[in-house]
Each structure stands twice: as C-alpha cells, then as structure tokens.
C-alpha cells in the first residue's frame, strides 16, 4: 500500500513541506528517537577521538590539544616487526571464523525447521542457544579445564580415540589455537545466530511447500529449491554485515586464551593495541592501529556490498 | 489512556534529559575532590583512592587507620580498588579528575604521561612532614628513589628493611629423596639423575608411578622460575630481573640474548623431552601452579620447584617434606662464580606509596595525614595490623619491644592474616632500622628468613655498584619512557614465545640462536639497553 502523502500537490513540498509531512508521523520519530540519541552519543560522539591517531597525545592539553604528528604513528606500526604477524593472525582467525562459523547457523536453522514435533523443536533450540549466555571469561576457564593435557575431559577423550597425538597440548599448541578458537565460538554462538534464520524460514508460504510436494520434490529438493531461496536475502545481508567486522576479532577471548606457547598465532591487532596502547600508555599509537583496523573493516564491507549488489541485487546500500 | 501516554512521554523526556546532562556536567565538576568544606567537628574532608590486595578487608574497619586520621584531624572518604587497576587507571587519570590522595596507585611512567596531574611533594615534605624528613636523612637513597628526572617528588617511597634479600627459594622433596635412597643434588647433572629417579620410581609411595611431577615452575619471566639457575653459570640476576634486565660489571644486559640463557634453555629442553617437567608449565596460571604443589592431602605430587616459602608453596600438610636447595653448580668441575638473585631493593624498597592530586585544595592536611603513616611504630601497624584490641595485629610489650601476633582468625595462615588485616606491603611505611631488632616477627616470616639463610653467602657477594640493578631507582624522560615501552612490547613478543617453543619442542636451539638474537636486538632491545645504560650510569654516580 502506498502512503497517502505521495498524492499531496507539488507546491506543498516546498518550504517546510517535508517537515510538515513528517510531523504526521511524529509517533514513528518518537519511537526512533532513543536509538538516534544512543547512536549519536555512543557511536558518533566518541569519533572525535580518532584525531588522537594523528596527534602527539599530551595529557595536560587534553584529547584535542597535542601537536599534529601526521602519519607518524601509522608509519611506526607499518614499520614495526609486529605489523605482519598481527595482521596475518587477525586475518587467519577472522577468515576461519566466517568460513566455518557463518554456514553453521543456517544448517542448524534448516534442521530445526524440519523437526515436526514442537516439543522436541523447543528443547533443541533452547539447548543450542544456552551456551550463548556464558561469559567469555567463564568459557575460557572451561576450555582451560576441559582441554588441560593432564586432567582435561575432552583432551582425554580425543586422545583415547587417537584423534589427536598423545603429546598434543590443546591450550598451548600454536596449531591448535585457531581450531579451538573457532570451534568453541561455533558451539557458543551457533544456536543464537540461527534464530534469525529460523524466523526467516517461518515466513515461507505453506503453499510453496505444497506446490513443491505436488511437483514430487523430496526433502532435499525442498530445502534446495524452496527454503534456501527464501532465506537468501537474509543470508546475504548478514554476510555483508559480518564482512564489516572481519578484522574485529574478539579481544576478550583471544586475550584470555593467549599464552607464551600460542603467542605466534594469537597476537592479533586488538591484543597488540591493548599491550602497547593501554598497558604502556601509548594512546596515539593505539588509536592509529585501531583506526587502521577500522579502515580495513570498512573496505571489506564496501567490497562485499558491491559484490552482492552486482551478483544478486541484494545489498545494504 | 491519554494521560498515561503523556506521562510516559514526560518520563522518556526526563530520562533523555538526564542522560544528556550526565555528559555535559562533566565540564564543571572539576572541583570534585577539592571540596574544602570541613566536617561539623572541624576536620578537613579528603577523598582517597587505595589500590589494595584482594584479601584486604574494608579499610574503614581498621582502627589504626582511624587513629592516624584522628591525629591528623582529617576525615577520609575512601574508594577501594582491588582488581584491574592497570586498566582502570588510564581512564581515570586521562579524565583529570582524581581524588586528593592516591595510595599505591601511581607509577613513574604516570608522572611522565600525565604531567601536571600530580603535586610535587618536595616542598610540602620540607614544611609539614617531620617523619618523612627523618626517613630521608636516615636513608638518603629513599629520596633518590622518589625523585623524578625533573627533580620533583610526586610519590612518597616505602621502606621495610626486614624482608629477606631473595624473593624465590629452590625446593626439593627430601622425603622423596630418602624414599629412593638419593642424595640432595648439588649440580645440574645430579639434578637430572634425581629427576629421572622421581619419574621412574614411586617416591610418594601411593602405588601409582605416574602421578609424580618431577619438576614444576612458572613461565620464565615470572618470579618462581628456572631463570634463577642462570646464577649457576655466573650470571648475576637482581631485583626480579623483570623483562630479563640485569647488570654485570656495571653494564646493563638482558639475559634473553645471553649465551648463558641458551645453555639453560638447552638443559631445560633436555629435561622436558625426557618428560621430567610438568606438561602444563607454560599454560597453567598461578593458582593452578599453587594447587598442584599442595598435592592430595598428605600425598606430595611435585619433586623440585621454586617458591616463596614452604608453607605458602606446599601447604601445612606437606611443607615438612621439602628442604631449601642451595644454588647448584652446572657440572662437578665447573668453575663459574655462583650467584643467587639479589632482590633486597625489590623486597624492601618501594616507590610511589602515596601521591597527591595537584588540584587538591587541602595539600597541607593531606601531607599531615601522609606523614602520620611514616612514624615508625605506626608503620609497623601499617605492615602487620593495629596495636589494639580491635585489630589484634601486634602486641606492645611495654618495654619498647613488639611482637607480631598470630592470626586472630584460626583458619588463616599468618601471611593471609597480615594481608587481610592491614595495608600490608602495599602501604606507605618506614620501619626504622633502630626498630628492627625490637620486633619479634610472626612464625611465617621467621620461617622465611630461616629457609632463605642458605642463600645469604651468595647474596652478600653481589657487588652493589656493578652487579645489582634496582630498576625502581631508574628515571627516564618522557621520550625515553615511550621508546622503552614501545620497544619492550615488540621484544617481549619474540622472547615470550621463543623460550616456550624451545622448551616444548625438539628444535635445535644452537641453530636458531643467532637469528633469534639478531631479531630481538633489531626489535628494539639494543636501543633499550642504551637508554637503560644511560640511566644506570647516572644512578651509579649518586651511589658514591
């Protein structure tokens, strides 16, 4: 249904026309107001701090008072021996998190959707999204206990089945860091992330299922030709949004899981910013590295968006 | 209905308004903590923050503290912090709004980074602090310790003088040795034989040959680690050797790039490959390290390890099984000079016990209050708990001597009691040398001193002017502070992972050594050593 306002004569659009029109929707604006205020204060407000990356931070003059330093801190990061290792580690963790972590909720949603019994469906759904509410600190402590090479339950189980060599230390081995990180993340967030797909699936018209069945489609064909196309827009939008945070590898979990043994693969951009920027009071350097990280995220977001637009006409912008 | 929705709108408006004013009011609240108002009784009101140990009880319940407040005629509003201060303080200091007094909350680099936030206490001490003046005249090095590179004094120091000269001791399970008919090892080679026997036999005699851990330690950069074995190779560690720095022949060096560290890592790698070292040595945290050594009830699990004191390390049940091991020689015929880490400064001298906000309007009152802590008998209470019936920390014998009381709470060991009951080692204090002989220490400290006596001879040998490096005493300019911090982050990143990798794998350390040293040096270590050398030379020139 088209809004009635489009039929308003042309001359009223001049002057305060647009405002006057919106006044008719004041309830909508009121509803969105808290969100606008929130975003203005907490997202756009702090952005003036970005300039710190281009200044020499001087406490006595405040955030905006230091001398301009140009790209000094960016160069310092690009020339530092930690540039490539942190960038590479961040990429590897982010890449595998998306590659393995993104399809899992979709699969789970398809499975949940195909369960007929409502009771079983509810039990499964609750079970899989409970882990989402465990705090990162507790989760990492759990991992430390379960994967301990001497007393760990999961570690012992895997070794008993000869799935991993007997001298593996799952919480220390650099080769085990990424799998442990990614698999535990999937375990934790998969159920929660599947909710949005389940919601999208529930809106599939029952007539489409009936039509498919009459055409002789089996269960797999229904999934492939009815359900996946139905949730494809949701999938693409979420994928674009995930691409936007590709390098924002969770600081908390990486930092907590870090130890001397796995440091070659676990020192990512965010932990490096913490170690240098916050712990050693190098605020300008920290902001520069953080800003660099954000720029890469932004590039990926735009790329993914453009690609999606070109191939499937679905996009954010 | 209509009324309700209007009410909701008004409420929403108020909330939004509140959240906005919450932000904007920041600008004019700069006089927080500068409130010069007095209490009805005429006392000066001050705000203070204290960073305390997690065990320490609410400080407002300490009677000795109330007595200092009373005497200085001030009333303190305390804010107490016991976790994550490192992360909180950047935000607090950057906001510029700090309380009048900061206890145990500042470091030298803060004074450089937050220039202008803290008061220069020098003139105030000369005017209002007789106890601190007395401390400085008896121990001029404390004034050196507290004075920054710009000649100003932003934090008062602390001095104990009764703590031992070494942080860590080396322990071996004597019961296990006796059960297997072995001698206490005196060299690395003998140690290896003993550890092999611990692994092969069943020294704790519980019928299980696999539950013994022959050797356990902390990650190499921490306190209780095999880095202390570097002393077997003639390398003089001192004052915790944080980040690997030590001095030898008045040269600042770093053990992570020293040939002798390579020798040590080769030895440890050999032990690890023979399954003599705990598999979790790199990944366990301190609480796990502690709990493993305390074993199961009366069954010990660890054979050879490092720690502060047997009671603390092994618990009351097992502590009698262990003995302190003197420094080992590398081989029976080695001629290296033996050393043990000389941590006397690290244990007994501290900087920045209290700082004062430059914006405080009652600096005289603040200084009066601070000075109260430095009266020797009061300092004793700061460290061990009050001398009264409420605090039950110390007994005044009436003849000028004092005795540290056992814990009033029988479930606590003396160490935990001290940390619960008072500011303990985190407080501002000056235990005058004249008072030291008049104090009977608690059973834990007596035990510490007794256990560590085996290292006395080696510690006395350390040359104050060339082989001891008190990192606390070093002062750096703003630029140097920043360079040091940035380089150190890069250096640690290599050293941290390399030692762990060498220990747990079978790579040829000899082959990797040269490339490793080159990469550490080029990551900034060379520059850091130069900056540190400059500061150390300056420090030596003050020693005379």
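Residue numbers (my numbering), protein chains in the order written: chain W, 1 to 317; chain H, 318 to 861.
We treat Cβ as the ideally placed atom computed from N, Cα and C, and that holds for glycine.
What you are looking at is a predicted structure, and each value in this text was computed from that prediction instead of being measured.
Would you mind stating whether residue 688/H and residue 366/H have Cβ atoms separated by less than 8 Å?
-> no
CA-CA distance, residue 851/H and residue 429/H?
-> 18 Å
Can you list, in chain order, the residues of the stretch 813-826 of chain H whose Cβ is nearer than 8 Å to any Cβ on chain W?
-> 813, 814, 816, 817, 818 and 821
In terms of alpha-carbon separation, which member of 533/H, 819/H and 581/H lies closest to residue 548/H?
-> 581/H
Would you kindly report the start and end of the unbroken alpha helix (DSSP H) that includes residue 176/W?
-> 174-202
May I ask you to report which of helix, strand or coil DSSP gives residue 308/W?
-> helix
Shorter than 8 Å from the beta carbon of residue 673/H to some beta carbon of chain W?
-> no
Own chain partners of residue 192/W with C-beta closer than 6 Å, once the 5 adjacent residues on each side are dropped | 129 and 132
First through last residue of the beta strand (DSSP E) which encompasses residue 533/H = 530-533
CB contact below 8 Å: residue 64/W versus chain H | no
Got a sec? Which residues, its chain only, sit under 7 Å from residue 164/W by beta carbon, not counting five neighbours each side?
-> 158
Just mark residue 714/H as buried or exposed, buried being the case when its beta carbon has 16 or more other beta carbons within 10 Å.
-> exposed
Indicate, with yes or no, if the ligand COA has a heavy atom lying under 7 Å from the CB of residue 232/W.
-> You won't find the ligand COA in this model; it holds no ligand whatsoever.
To the nearest angstrom, how far is it from the Cα of residue 2/W to the Cα of residue 312/W?
-> The pLDDT assigned to residue 2/W is 45, lower than 50, so where the model puts this residue is not dependable; a value taken from the coordinates is nonetheless given after this. Taking the straight line joining both Cα atoms gives about 26 Å.
Could you run through the stretch 431-463 of chain H and flag, in chain order, every residue whose CB is less than 8 Å away from some CB of chain W?
-> 431, 432, 433 and 434
Among 437/H, 539/H and 512/H, the one whose alpha carbon lies nearest that of residue 676/H | 437/H
Bridge partners of residue 623/H, per DSSP?
-> 487/H
What residues from the stretch 83-94 of chain W come within 7 Å of chain H, judged by C-beta to C-beta, listed N to C?
-> none
Find the residues of chain W that neighbour residue 597/H, judging by a C-beta separation of less than 7 Å, and give them in chain order.
-> 148, 149 and 150
Identify the contact partners of residue 285/W in chain H, using a Cβ-Cβ distance below 8 Å as the criterion.
-> 803
Shorter than 8 Å from the beta carbon of residue 101/W to some beta carbon of chain H?
-> no
Skipping 5 residues on each side, what residues in its chain have a beta carbon closer than 7 Å to that of residue 382/H?
-> 376
Anything in the stretch 102-128 of chain W with a Cβ closer than 7 Å to a Cβ of chain H? List those residues in chain order, please.
-> none
Three or more C-beta pairs below 8 Å linking the stretch 490-500 of chain H and the stretch 461-481 of chain H = no
In terms of residues, what are the limits of the alpha helix (DSSP H) holding residue 453/H?
-> 447-455
Could you name the residues of chain H that residue 50/W contacts, counting a contact when the two beta carbons are closer than 8 Å?
-> Result: empty, since nearest Cβ-Cβ is about 16 Å, beyond 8 Å.
Under 8 Å Cβ-Cβ, which residues of chain H neighbour residue 267/W?
-> 810
Which partner residues of residue 18/W appear in the DSSP bridge assignment?
-> Looking at the DSSP assignment, residue 18/W forms no beta bridge with any residue, so it has no partner.
Beta-bridge partners of residue 720/H, as assigned by DSSP = 712/H and 757/H
Going by other Cβ atoms of all chains shown within 10 Å of its Cβ, with 16 needed for buried, is residue 859/H buried or exposed?
-> exposed
Would you check if there are 3 or more beta carbon pairs closer than 8 Å linking the stretch 578-596 of chain H to the stretch 816-834 of chain H?
-> yes
Can you tell me whether DSSP reads residue 395/H as helix, strand or coil?
-> strand
Could you give the DSSP three-state label for residue 81/W: helix, strand or coil?
-> coil
Those runs of the beta strand (DSSP E) which lie wholly inside the stretch 352-437 of chain H and span at least 3 residues = 361-368, 391-398 and 418-420
So is residue 426/H in contact with chain W if we call contact Cβ pairs under 8 Å?
-> yes
What is the DSSP secondary structure of residue 594/H, reduced to helix, strand or coil?
-> strand
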